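See structure below.
2 protein chains.
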Amino acid sequence: MSGYVRALAEAAREAQAVIAALDADARTRLVAAMADAVDADRVAILAANAQDLQRARDAGTGGAMLDRLRLDDARLDGVVKALREIAALPDPVGQVTRSEVRADGLRIERVRVPLGLVAMIYEARPNVTADATALCLKSGNAVILRGGSEALASNCAIAASLRRALRECGLPEAALVLIEDPAREHVLELLQLTDLVDLAIPRGGEGLIRFVAEHARVPVIKHYKGVCHLYVDRAADVALATRLLLDGKASRPGVCNALETLLVHAEVAEVFLPGALAALAARGVEVRGDARVRALWPGAQAASEADYAAEFLDLVIAVRVVDSLEDALAHIRRHGSDHTEVIATADAAAAEAFVRGLRSSAVMVNASSRFNDGGELGLGAEIGISTTRLHAYGPMGLESLTIERFVVRGAGHVRHPDLLD
Amino acid sequence: MSGYVRALAEAAREAQAVIAALDADARTRLVAAMADAVDADRVAILAANAQDLQRARDAGTGGAMLDRLRLDDARLDGVVKALREIAALPDPVGQVTRSEVRADGLRIERVRVPLGLVAMIYEARPNVTADATALCLKSGNAVILRGGSEALASNCAIAASLRRALRECGLPEAALVLIEDPAREHVLELLQLTDLVDLAIPRGGEGLIRFVAEHARVPVIKHYKGVCHLYVDRAADVALATRLLLDGKASRPGVCNALETLLVHAEVAEVFLPGALAALAARGVEVRGDARVRALWPGAQAASEADYAAEFLDLVIAVRVVDSLEDALAHIRRHGSDHTEVIATADAAAAEAFVRGLRSSAVMVNASSRFNDGGELGLGAEIGISTTRLHAYGPMGLESLTIERFVVRGAGHVRHPDLLD
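See below:
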């Protein structure tokens with residue numbers, strides 16, 4: 003370990019104390035100033051992005067990766083809009099979540115405070131540089147960013163704008179640290195700084211997330227993948243179930259809250275599957291099914307066992323007929339990733355059994371899996387989705403970047419007054 | 003890895019689904035039955051404890067360690083009473099912490115669910131076997147216990163009682179696993195089971211906690227030590243400050259919420275220190291101070307730099323005179339352990355600056371550090387105190403053994419209705 007990252011983290015921790023001590027209005031102004039700065043620096047940011055894109059093309063990068071890397075005016079509009087929305091969110095810091103006064107007059111409050119220093123390790127999308135910084139600073143934290151080397155010029159340009167906003171607000175620039183040196187040892191050093199880094203959040207492909215989880219000594223909140231299920235119960239409304247299926251699979255197949263597996267109760271398979279699978283196929287979705295599925299809909303390919311654990315992130319779905327709700331639960335427990343599961347049913351008892359029977363971070367009754375999203379679920383914005391069953395489970399908003407601590411106020415209260423005689 | 007612990011953990015995970023699916027009354031009855039079982043099995047438990055004590059004496063163990071290990075009827079009364087109190091606590095599982103209905107009718111709830119499988123790694127005190135099991139099962143979790151080898155017979159006897167209660171309630175015994183084989187490799191295996199163990203909580207000396215933190219791939223919540231500070235502000239009431247000092251240092255010096263360092267504003271040092279330090283000395287406390295302290299109270303020894311970071315857990319205190327509240331904050335930030343800090347002051351602005359200026363899990367204004375305890379702060383019982391700034395910060399009660407997840411109910415709600423045309 004070179005100590006290079008430790009020095010950056012120490013500076014960030016000092017700056018964090020300043021950010022945390024601001025009042026809510028000052029943090030709102032800071033994030034609004036960041037929006038203004040990015041808006042004003044479009045030319046420089048797009049020029050930097052053009053360098054990254056050229057380098058990526060020269061290296062033979064194509065398709066989806068190149069698209070994730072790409073910024074244009076419309077996408078920068080989106081970044082600026084997101085920053086303004088984050089600025090306008092309610093500030094969680096200092097919020098008193100519980101307050102009680104004991105019979106002896108001792109007042110016990112639980113108060114939200116920032117986590118401290120958050121490390122983000124991410125790939126490709128340069129907008130994360132702005133989003134993550136805004137969410138962390140709005141909630142009184144400092145942030146250390148480590149983006150992918152493919153987006154280095156874009157990330158540096160965006161970080162320069164964000165730091166200008168810090169400077170213009172009279173605040174320490176070290177509250178935002180971007181590790182610019184691409185050497186991997188710096189990530190390893192960052193992940194060992196247990197005395198300085200309070201939380202690491204990896205965002206990107208499964209490889210990146212596993213790398214962070216395996217090497218971190220600091221706490222990590224992550225999700226590996228979203229293998230999301232729709233279970234169509236025997237008491238399902240077929241039209242409603244079809245809506246959920248199409249929205250879940252075909253509206254945006256590349257995201258983690260898209261459906262990957264459809265489980266259908268045997269009693270409705272015959273009335274539901276042919277129409278539903280035809281509608282999927284009409285939208286370009288490849289269907290992989292077990293023998294019972296293929297008997298009802300010959301357009302299906304044979305599903306392998308691996309298909310039932312796959313996060314396709316594509317226009318592909320695995321389908322299975324099950325004989326009971328219990329079999330559906332057993333399938334999901336075995337193959338699921340604790341992300342999002344959906345039941346379509348008109349039977350309240352079946353819905354309740356489904357909700358209670360699963361550990362997943364979000365369970366939807368007669369609603370699309372695509373609602374598992376911080377914006378949709380009322381968090382305003384999200385810094386990630388957690389399938390780590392600790393601290394935060396599901397979409398993580400500003401509150402997830404804080405922790406409740408105890409503030410106790412007395413008038414000389416002691417536990418052993420006899421000792422004072 | 004032998005796979006021995008993995009098999010136990012898999013069985014515990016299956017049993018956990020059964021415990022989680024119980025209603026609150028059934029979990030209350032289970033923990034009450036555990037109290038009855040321990041109460042009924044006193045003879046066997048005390049006989050087992052006598053074996054542990056004999057073995058410890060033969061090995062030359064003495065003093066505090068032997069005392070922590072020892073059970074007698076009065077201590078078993080305490081264990082039974084604690085179990086009954088845990089049985090009577092409100093059940094957090096299924097609690098709806100937030101509920102909102104969107105304009106489009108989609109209902110979004112956050113609901114508390116158990117963490118899953120909790121691993122406790124602890125030393126000496128056999129009562130942890132009962133307390134931890136009761137807290138975990140009451141909150142719908144399963145538990146894997148790994149106690150110290152010095153208490154193995156006692157822990158086995160208590161676990162046998164607790165399992166009898168599970169059996170009598172018709173519940174799977176595997177919801178409580180005690181790793182009886184003392185080989186250390188089993189702990190290492192336990193700490194690697196990221197797919198099965200949701201949280202590990204170490205309780206014991208700093209060595210044990212560091213071992214767990216360094217080897218765990220599963221999430222860990224811990225506190226290394228409690229270096230708790232009392233800052234006597236220039237606006238402090240001297241008599242009130244003396245009360246807090248005596249209660250914090252002399253009422254029970256061996257616990258983590260006892261005071262270790264006293265910081266005194268220079269403007270009150272002359273009126274406060276001589277009387278306060280004499281009162282400490284009268285209660286057998288050794289005072290180690292800087293030059294300004296020793297000038298005011300010659301009974302003090304010279305404090306070393308290490309004394310200001312020490313968790314004495316004994317009748318020893320480090321004392322320093324500071325020139326300002328800011329100097330006190332800087333001292334605490336440098337030497338503190340984020341556990342508990344106290345200010346004595348009549349100045350509301352100083353109190354506020356102290357609270358805001360510190361990261362600690364509990365900050366006390368004119369109240370003793372000894373109140374940082376789950377029972378005192380209204381949690382009913384605690385499974386530990388966290389200085390990990392994630393998930394729980396401060397005393398951890400039943401709620402800290404749960405996590406909020408999202409349950410969403412719609413009527414066929416989708417994000418992209420246009421896709422359905």
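Protein chains in written order, with the numbering used here: chain A, 3 to 423; chain B, 3 to 423.
Using N, Cα and C, we set each Cβ at its ideal position, and we do this for glycine too.
Since this is a predicted model, take the numbers as computed values, not measurements.
Between which two residues does the beta strand (DSSP E) carrying residue i extend?
i: Gly291(A); result: Glu288 to Gly291
i: Thr389(A); result: Gly386 to Leu392
i: Gly414(B); result: Thr404 to His415
i: Asn143(A); result: It is not in any beta strand (DSSP E) - Asn143(A) carries neither H nor E in the DSSP assignment.
i: Ile203(A); result: Leu201 to Arg205
i: Arg112(B); result: Arg109 to Pro116
For residue i, which residues in the same chain have their Cβ closer than 8 Å to its Cβ, ignoring the five residues on either side in sequence?
i: Leu48(B); result: Leu73, Asp74, Asp75 and Leu78
i: Ala34(B); result: Leu85, Arg86 and Ala89
i: Leu68(B); result: Leu55, Ala58 and Arg59
i: Ala283(A); result: Val289 and Gly301
i: Thr99(B); result: Arg112, Val113, Arg114 and Glu406
i: Gly377(B); result: Ala383 and Glu384
i: Trp299(B); result: Leu275, Pro276, Leu279, Ala280, Val289 and Gly291
Could you work out which residues of chain A lie near residue i, taking near to mean beta carbons separated by less than 9 Å?
i: Ile110(B); result: Phe373, Glu378, Leu379 and Gly380
i: His418(B); result: Leu248, Asp249, Ala252, Ser253, Arg254, Ser370 and Arg372
i: Asp200(B); result: Thr390, Arg391 and Leu392
Could you tell me which chain A residues have their CB closer than 7 Å to the CB of residue i, listed as they occur along the chain?
i: Ala364(B); result: Arg407, Phe408 and Val410
i: Gly399(B); result: None at all; the shortest Cβ gap to chain A is about 12 Å.
So with CB distances below 8 Å, who are the chain A contacts of residue i?
i: Asn368(B); result: Arg411, Gly412, Ala413, Gly414 and His415
i: Leu421(B); result: Leu248, Asp249, Ala252, Ser253 and Arg285
i: Val273(B); result: Those within 8 Å of Val273(B) in chain A number zero; the least Cβ separation is about 17 Å.
Given residue i, which residues of its chain have a CB within under 6 Å of its CB, disregarding the five upstream and five downstream residues?
i: Ala37(B); result: Val82, Leu85 and Arg86
i: Ala297(B); result: none
i: Ala121(A); result: Ile146, Leu192, Val199 and Ala202
i: Tyr124(B); result: Val130, Gly149, Arg205 and Gly206
i: Pro184(A); result: Ser151
i: Pro255(A); result: Asp316 and Leu317
Answer yes or no: do residue i and residue j have a C-beta to C-beta separation smaller than 9 Å?
i: Leu400(A); j: Asp93(A); result: yes
i: Val344(A); j: Tyr226(A); result: no
i: His341(A); j: Ser362(A); result: yes
i: His418(A); j: Phe373(B); result: no
i: Met366(A); j: Gly172(B); result: no
i: Ala268(B); j: Val229(B); result: no
i: Arg165(B); j: Glu152(B); result: no
i: Val95(A); j: Ala364(B); result: no
i: Gly277(A); j: Val321(A); result: no
i: Leu247(B); j: Leu264(B); result: yes
i: Ile223(A); j: Gly64(A); result: no
i: Asn143(B); j: Pro116(B); result: yes
i: Ala304(B); j: Asp292(B); result: yes
i: Arg169(B); j: Ala23(A); result: no
i: Ala18(A); j: Leu119(A); result: What sits at residue 18(A) in the sequence shown is Gln, not Ala. Their beta carbons are under 9 Å apart, which means Gln18(A) touches Leu119(A) by this criterion.
Starting from residue i and walking both ways along the alpha helix (DSSP H), at which residues does that stretch end?
i: Phe274(B); result: Ala268 to Ala284
i: Phe356(B); result: Ala350 to Gly359
i: Ile334(B); result: Leu327 to His337
i: Gly250(B); result: Val240 to Ala252
i: Tyr6(B); result: Tyr6 to Ala23
i: Ala427(A); result: The structure shown does not extend to residue 427(A), since chain A is modelled only from 3 to 423, so the question has no answer here.
i: His217(B); result: Glu208 to His217
i: Glu319(B); result: According to the sequence shown, residue 319(B) is Ile rather than Glu. Looking at the DSSP string, Ile319(B) is not in any alpha helix (DSSP H); the run it does join, the beta strand (DSSP E), is Val318 to Val324.
Chain B partners of residue i, CB-CB under 8 Å?
i: Thr390(A); result: Pro221
Can you find the residues in the same chain that come closer than 7 Å, C-beta to C-beta, to residue i, ignoring five residues on each side of it along the sequence?
i: Lys251(B); result: Ala260, Leu261, Leu282, Val287 and Ile319
i: Gly396(A); result: Ser363, Ala364, Asn374, Ile387 and Ser388
i: Val273(B); result: Val240
Would you say the beta carbon of residue i comes nearer than 8 Å to a heavy atom of the ligand SAH?
i: Ser326(B); result: No copy of the ligand SAH occurs in the structure displayed, which carries no ligand at all.
For residue i, which residues in chain B fall below 7 Å Cβ to Cβ?
i: His393(A); result: Leu392 and His393
i: Gly396(A); result: Arg407 and Phe408
Give the interface partners of residue i over in chain C, defined as CB-CB distance under 7 Å, in chain order.
i: Glu102(A); result: In summary, chain C is missing from the structure at hand, where the protein chains are A and B.
Worksheet item: Residues in the segment 231-262 of chain B with C-beta within 9 Å of chain A's C-beta atoms, listed in sequence order?
Response: Asp239, Ala241, Leu242, Ala243, Thr244, Arg245, Leu246, Leu248, Asp249, Gly250, Ala252, Ser253 and Arg254
Discussion item. So if I threshold CB-CB distances at 7 Å, which residues from the segment 325-354 of chain A count as touching chain B?
Written reply: none
Fill in: Members of the segment 27-45 of chain B that neighbour chain A once the beta carbon cut-off is set at 7 Å
Residues: none.
Discussion item. Tell me which residues of the segment 133-165 of chain B have at least one Cβ-Cβ distance to chain A shorter than 7 Å, keeping chain order.
Written reply: Within the segment 133-165 of chain B, no residue qualifies.
Worksheet item: Using a Cβ cut-off of 7 Å, which residues of the segment 16-27 of chain A contact any Cβ in chain B, in chain order?
Response: Here the close residues are Ala23.
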